[in-house]
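Have a look at the structure below, then the notes.
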Amino acid sequence: MRRLAPPAPYAALIAPLIAALFSTLYALPVRAGVVAYALDPTASTVAFETDFGPDLITGAIPLERADLRLDFDNVANCTVDVTLDVTGATANFPFAAQALKGPKVLDAKDHPRMTFRSTSISRVGEAADVTGTLILRGVSKPVILTARIFRPQGSAPDDFSRLTVTLTGKVNRSDFGATGWSNMVGDEVRILITARIDAKG
Numbered sequence: 729m730r731r732l733a734p735p736a737p738y739a740a741l742i743a744p745l746i747a748a749l750f751s752t753l754y755a756l757p758v759r760a761g762v763v764a765y766a767l768d769p770t771a772s773t774v775a776f777e778t779d780f781g782p783d784l785i786t787g788a789i790p791l792e793r794a795d796l797r798l799d800f801d802n803v804a805n806c807t808v809d810v811t812l813d814v815t816g817a818t819a820n821f822p823f824a825a826q827a828l829k830g831p832k833v834l835d836a837k838d839h840p841r842m843t844f845r846s847t848s849i850s851r852v853g854e855a856a857d858v859t860g861t862l863i864l865r866g867v868s869k870p871v872i873l874t875a876r877i878f879r880p881q882g883s884a885p886d887d888f889s890r891l892t893v894t895l896t897g898k899v900n901r902s903d904f905g906a907t908g909w910s911n912m913v914g915d916e917v918r919i920l921i922t923a924r925i926d927a928k929g
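Counting in our numbering, the sequence shown runs without a single skipped number right up to 929 at its last residue.
Structure follows, in structure tokens:
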């Protein structure tokens, strides 16, 4: 069964760039302190998938806003704050797209936004665990996402002006009251956030 993965242009760069995730960040005194990044919404996506019998329901939710602040000296000072536009959610099956935004799942009419805000970040090998609070359907639950950072191919080792951040994880939709069609659609939802960001200033 297929599982979510970084978009092809970035998947090919994982090996040479993943070492830069946080180890290289520590070697950049010229960028000491917290650096704020702005989202490029045209190059950013939020993909999801869940089981539908032997098949998969896949889709996307527009990434409306992302506030990422990276401290190149201390990963614990990094923060992630993202907002998704639930009203723009799409799915690979027409009926699923309509059901997804309906009152039994995302309830886009009453809860048009989904947010994730980090509470702590810690390095784990060549990635980082981002612990935070996900608010969906007005329900707040703790979630842990795995973060990885990529530079564009050909960029200088000390150039972190443009980055791509991926956040992957999974949630049980029933934890947020999104229990519609539970007899047909899986409870576990796997998420891949791909955010293209540019350093401000």
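A virtual CB, placed ideally from N, CA and C, is assigned to each residue, including glycine.
Fair warning: this is a prediction, and the values are worked out from it, not measured in the lab.
Separation of K928 and D799 (C-alpha to C-alpha, rounded to the nearest whole angstrom) is 14 Å. With 16 or more other CB atoms across the displayed protein chains lying within 10 angstroms of its CB, M842 is buried.
Per DSSP, K898 is one residue of the beta strand (DSSP E) stretching across 890-900. Per DSSP, the continuous alpha helix (DSSP H) segment holding F823 begins and ends at 822-829. For G761, the three-state secondary structure derived from DSSP is coil. Within the segment 831-878, the complete beta strand (DSSP E) segments at least 3 residues long are 841-852, 855-864, 867-878, listed from N- to C-terminus. Exclusion of the five residues before and after G866 leaves H839 as the residues of its chain whose Cβ lies within less than 6 Å of its Cβ.
The beta carbon of S902 sits closer than 6 Å to those of D915, all from its chain and outside the five residues before and after it, given in chain order.
Contact check for D795 against D783 fails: the beta carbons are separated by 8 Å or more. Under the three-state reduction of DSSP output, A771 falls in the helix class.
G787 and P885 have their C-alpha atoms some 34 Å from each other. The Cβ atoms of V814 and K829 sit closer than 8 Å to each other. Annotation for I789: no beta strand (DSSP E) segment contains it, and DSSP assigns it neither H nor E. Per DSSP, A817 has no beta-bridge partner at all. Per DSSP, the unbroken beta strand (DSSP E) holding V917 starts and ends at 913-927.
Look at F800 here: in three-state DSSP terms it is coil, with no helix or strand label. Counting only the Cα atoms, G908 lies some 14 Å from L864.
When the five nearest sequence neighbours on each side are left out, the beta carbons in the same chain lying within less than 7 Å of the beta carbon of G897 are those of V871, I872, L873, T874, I919, in order along the chain.
DSSP places D886 outside both helix and strand once states are collapsed to three, so it counts as coil.
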